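Trainee: Per the working numbering, the sequence shown starts with residue 875, numbered consecutively. Ideal Cβ placement from N, Cα and C applies to all residues, glycine included. The structure presented is a predicted model; accordingly, all values stated were derived computationally and were not measured.
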Amino acid sequence: MRETIYAIGDIHGQHELLLDALALIELDGGQEAKVISLGDLVDRGPDSRAVIETLREGIAQGRNWQVLMGNHDRLFEQFLRSGVITHPKMRPSYTWLSPELGGRDTLASYGVDVTLAAEALRAAALEAVPDDHRAFLAGLPLYAEAGDCLFVHAGVQPGLPMAWQSEEDLIWIRDAFLTHDAPFERLVIHGHTAVLAPEHRGNRVNIDSGAGFGRALTVVAIEGTDVFVLEEDGRKRLTPQG
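1. Please state whether DSSP places THR928 in a helix, a strand or coil.
2. Compute the distance between the beta-carbons of VAL988 and ARG978, then report whether it is under 9 Å.
3. Inspect the beta-carbon positions of VAL1062 and ASN1077 and report whether they are closer than 9 Å.
4. Would you check if the distance between the CB atom of ILE1081 and the CB atom of ARG948 is smaller than 9 Å?
5. Is the beta carbon of ILE882 sitting closer than 9 Å to the one on ALA895?
6. Here's the rule: buried if 16 or more other CB atoms are within 10 angstroms of the residue's CB, otherwise exposed. What is ALA1028?
7. Following the continuous beta strand (DSSP E) through GLY1108, name the residue where it begins and the one where it ends.
8. What are the boundary residues of the alpha helix (DSSP H) that includes ALA1171?
9. Measure the alpha-carbon distance for VAL941 versus TRP1038 and round it to whole angstroms.
10. Could you give the C-beta distance for GLY957 and ASP917, rounded to a whole number, given that I count them as a contact under 8 Å?
11. Excluding five sequence neighbours on each side, which residues of the same chain lie with their C-beta closer than 7 Å to the C-beta of HIS1074?
12. Can you look up ARG923 in the DSSP assignment and give me helix, strand or coil?
13. Might you give, ordered along the chain, the residues of its own chain that have their beta carbon closer than 6 Å to the beta carbon of TRP939, omitting 5 neighbours on each side?
14. Can you list, in chain order, the stretches of the beta strand (DSSP E) that have 3 or more residues and sit fully within the segment 959–1028?
15. Alpha carbon to alpha carbon, how far is ARG930 from GLY980? Give it in angstroms, no decimals.
16. Within a Cβ cutoff of 6 Å, which residues of the same chain sit near LYS963, ignoring the five residues on either side of it in sequence?
17. Going by DSSP, which residues form a beta bridge with ILE878?
18. Alpha carbon to alpha carbon, what distance is there between ARG965 and SER972?
19. Could you check the C-alpha separation between GLY1084 and ILE899 for me, to the nearest Å?
20. Around the Cβ of LEU975, are there at least 16 other Cβ atoms within 10 angstroms (buried) or fewer (exposed)?
21. GLN952 by DSSP, collapsed to three states: which one?
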């Protein structure tokens, strides 16, 4: 029998949606289900702290869960580590603390006074964010290979082996990956670029359905290269478009 692998799209601080997704997975696959979260645990939503704690505790308790690094997770980790709030891939007018990015929402979930200026804000954050959360974020892998699929937050640079892929591409890439229509070595399961509903493009499957913008959090079950969206009334096959 083919192993069933479950993947969760970009969570963005939506803890209640995460709990619902984990409940659907357990109903479908039991407590031993293999689960891969595609990153962007934090920002925009109301309870990034609880999202991190739920996933960290589950792994510590022996759940077969793996959590990947998203660009928002790196921005949070980078802010705590160095105070940097920008990245070349961001719009020049944005920082991690801009309302559009949602960094202040993440800090608020830790009880930080987000009206503070950036320097004081970092000092308050270092007091508020537990060391085990910082270690968890810093240790997140950039991708996972399982079965017939590659799991990654944003995508890959077409034509490059995984050993040559950069972190910047794996957690930030868009156009070069999204417009590539030839097969990859494995079916790529990714998030990062929010869509209205999960999309199967033949060579890749995008499961970021916009939880960070008040929409659904998508969870899928994958068997070989067959992909099924988990919903309250059961599995719905996700078929390739075009």
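Mentor: Reading off the structure:
1. helix
2. yes
3. yes
4. no
5. yes
6. buried
7. 1108–1111
8. Since the first residue of the chain shown is 875 and the last is 1116, residue 1171 is not available in this structure.
9. 21 Å
10. Actually they do not touch by this definition, with Cβ atoms about 17 Å apart.
11. VAL1101, LEU1112, THR1113, PRO1114, GLN1115
12. helix
13. VAL909, GLY932, ILE933
14. 1017–1020, 1023–1026
15. Reading off the sequence shown, one finds Thr at residue 980, where the question assumed Gly. Straight-line Cα distance between these residues: approximately 16 Å.
16. TRP1046
17. First, the amino acid is wrong: residue 878 is Thr here, not Ile. Paired residue(s): GLU1097.
18. 11 Å
19. 19 Å
20. buried
21. helix
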